[in-house]
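Residue numbers (my numbering), protein chains in the order written: chain A, 1 to 340; chain B, 1001 to 1381.
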């Protein structure tokens, strides 16, 4: 995997977020460094949902948090509507955070158990206003209503009185009250039962249409990501392998790692053929000492000497479909590359 | 790894007695608020060498079912009644000390969370050989040789050095392999896998499921695989039992179940999951309402409050587990999916504006509240 390069960044769209060469490193003691995210770039257009997928440890959550500057990335830039967040001082960043919200995996522990739902959802307004109770309640009740929670019933209840799915709805309402430009959803449905998961996914789609939301949707379930995303980026060991419009990615995966993920995903159909051709034994290498060249080469059935020496760059496969691989599974669109 | 998915085993007629016969099994827990009927009247038989998948949402009783069969449910507030005949023995009649002789040797379990099911301060080798030494009475050196062989059979690289590792020195996938090796150590005839891959990445999940299938085939084990993931059971089981509110609501051979599902809950469960074969932004068919309260379950059919086909009879009278097209396919429903009566029921409910039917028809958003006017619903819990 992958690779670096910015061939996939778009110029002609209304970009909300543009991330370039994002790098996040953590010290691991004895002068060693964990290369959690190593130079990834992507952009998100207004009203779009970008899915981030990959195995645990690939850096997808770290990427989401680095956008929020939690913690500040080691390198690269994060531009929100043209403002580079990595260069802001504390107070300006604090103001900018109103444009960025996050929804977490565990809905119950992301709400303070001792506070009432009305207070939990109104908290962002306590900081940024309006401060008058009536004004606040108008906004809060509208948001609770929008996420399918009865505001008058919920107002004085506490989180333990709600199910996991309802708590996730409340978290979403809390994220919406600031009318953010971008919401980062980190595995928002993986803790929920399938029946409730479907309710939340449908609701996110509705809210997206209603409020024109722009989302980063981080998940490990490829079927869930396909359902909600307009574009999907596949990450491996801190690098981006492939980024594409969703239907195209699932129909014509170009990166061997994408195909490995797709063929590993269980399909709820007993007549489906289980494809083991790309199955490789072995585990994610350590992000402290990632492999040279393409980071996926140690598990890739197609790897050869060039993969060890040269890091692949993002190349165009089709419209809005880019891959960083020396031996892509579908043909590279060379003509388009030379035209660019 | 093998890519054979179902029934690599002997044909049905070659098998004599079923290995496991469960009849009217009930596991109840007394709590302050009442009696939790976690498993409430489950019966099934399982032939040797077959794999049964047990599917359901959280709280459906699938985990308690497998633990009840192994007699792993303890605590003064729990009671298990019914009969469990395993290989001709009545398990519920056995004292706990007798059960200990069966664990590991006859039946073993692989648990969901590989991170917490190993003792963090004991080397994996010792955890692996503990019951080998206990049950088979071998020397330490022999046990080590067996342990290394086991690690090799679950494809852990460098098994000799891994034998002396502590669990934290291994990844999640490797720890689950160790747990499988522990379960297989004494050559059990029956393996329970309780959500064996839920905590793992898809690529590792695929490897672990292949490993289980291959080990099962080599050892001719019988397996019960408990999971909430219909995708996992679809490819890896011979039969499936769908559980709801502590009961089996539908049971059929895997291919038959997916081809001709009769229970509305089975259908709703399958329809609610996103599928990779569908285009992006495909509207999901969510199940309205939420799993039932096991202390005060609804009268009649337990699924009736959420069922789009529900009729008055369903609310009063619980349907028995009855046979469908073949004796192997059973379901518990008065208005089974696909029948003319169910179509009439659906149309009637739609005309009456029943929320779950409206939601199933895509005319209303499914929520956890089942009141027709969501604003009038209680806060719930």
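Ideal placement from N, C-alpha and C gives every residue a C-beta, glycine not left out.
In the DSSP annotation of this structure, the continuous segment of the beta strand (DSSP E) that includes residue 1226 (chain B) starts and ends at 1222-1227. Within the stretch 185-267 of chain A, the complete beta strand (DSSP E) segments at least 3 residues long are 215-218, 231-236, 239-245, listed from N- to C-terminus. Taking a cut-off of 8 Å for Cβ pairs, the stretch 163-179 of chain A and the stretch 102-111 of chain A touch, as three or more such pairs fall below it. Listed in chain order, the non-local C-beta contacts of residue 1360 (chain B) below 7 Å within the same chain comprise 1285, 1308, local neighbours out to five positions each way being set aside. Note that the stretch 1223-1237 of chain B touches the stretch 1189-1200 of chain B; at least 3 beta-carbon pairs, one per stretch, sit closer than 8 Å. At a cut-off of 9 Å between beta carbons, residue 163 (chain A) contacts chain B. Taking C-alpha positions only, residue 131 (chain A) is separated from residue 118 (chain A) by approximately 14 Å. Around the beta carbon of residue 71 (chain A), fewer than 16 other beta carbons lie within 10 angstroms, which makes this residue exposed. Counting only residues of its own chain and dropping the five nearest sequence neighbours on each side, residue 84 (chain A) has a CB closer than 8 Å to the CB of 77, 78. At a C-beta separation below 8 Å, residue 1051 (chain B) has no neighbours in chain A, since its nearest C-beta there lies roughly 12 Å away. In the DSSP annotation of this structure, residue 26 (chain A) is not part of any alpha helix (DSSP H); the continuous beta strand (DSSP E) holding it starts and ends at 15-27. Under the 9 Å criterion on CB atoms, residue 119 (chain A) is classed as non-interfacial with respect to chain B. With a minimum length of 4 residues, the unbroken runs of alpha helix (DSSP H) contained wholly in the stretch 1173-1240 of chain B fall at 1202-1219, 1230-1236. Secondary structure at residue 1322 (chain B): strand, using DSSP grouped into helix, strand and coil.
Residue pairing of residue 80 (chain A) in beta bridges, as defined by DSSP: A:17, A:83. With respect to residue 261 (chain A), residue 82 (chain A) sits apart: the two C-beta atoms are not nearer than 9 Å. In this structure, the beta-carbon distance from residue 252 (chain A) to residue 327 (chain A) does not fall below 9 Å. The alpha-carbon of residue 1310 (chain B) is positioned some 20 Å away from that of residue 1251 (chain B). Here residue 160 (chain A) has 113 as same chain residues with Cβ atoms under 7 Å from its own Cβ, once five neighbours each way along the sequence are excluded. Residue 1334 (chain B) carries a coil assignment under DSSP once its states are collapsed to helix, strand and coil. In terms of Cα proximity to residue 116 (chain A), the closest of A:80, A:155, A:202 is A:155. Residue burial annotation: residue 193 (chain A) is buried, with at least 16 other C-beta atoms found within 10 angstroms of its C-beta. Around residue 1265 (chain B), the same chain offers 1242, 1244, 1249, 1303 as residues with beta carbons nearer than 7 Å, after the five sequence neighbours per side are excluded. Rounded to whole angstroms, the gap between the alpha carbons of residue 86 (chain A) and residue 1066 (chain B) is 52 Å. What residue 1254 (chain B) touches in chain A, judged by beta-carbon distance under 9 Å, is 270, going in chain order. Distances from the alpha-carbon of residue 1289 (chain B) to those of A:204, A:305, A:165, A:293 put A:165 closest.
The alpha carbon of residue 1182 (chain B) has as its nearest neighbour, out of B:1050, B:1119, B:1092, B:1232, the alpha carbon of B:1119.
In its chain, beyond the 5 residues on either side, 1329, 1330 have a beta carbon closer than 8 Å to the beta carbon of residue 1323 (chain B). Nearest neighbour of residue 15 (chain A) by Cα position, chosen from A:60, A:43, A:272, A:244, turns out to be A:43. In the structure shown, residue 1265 (chain B) adopts helical secondary structure according to DSSP, grouped into three states. CA-CA distance, residue 290 (chain A) to residue 304 (chain A), rounds to 17 Å. Fully contained in the stretch 293-324 of chain A are the following beta strand (DSSP E) runs of length 3 or more, in chain order: 315-318, 321-323. Counting along the chain, no beta strand (DSSP E) covers residue 143 (chain A); the unbroken alpha helix (DSSP H) around it starts and ends at 133-146. For residue 1282 (chain B), the nearest beta carbon of chain A is closer than 9 Å to its own beta carbon. In the structure shown, residue 99 (chain A) adopts helical secondary structure according to DSSP, grouped into three states.
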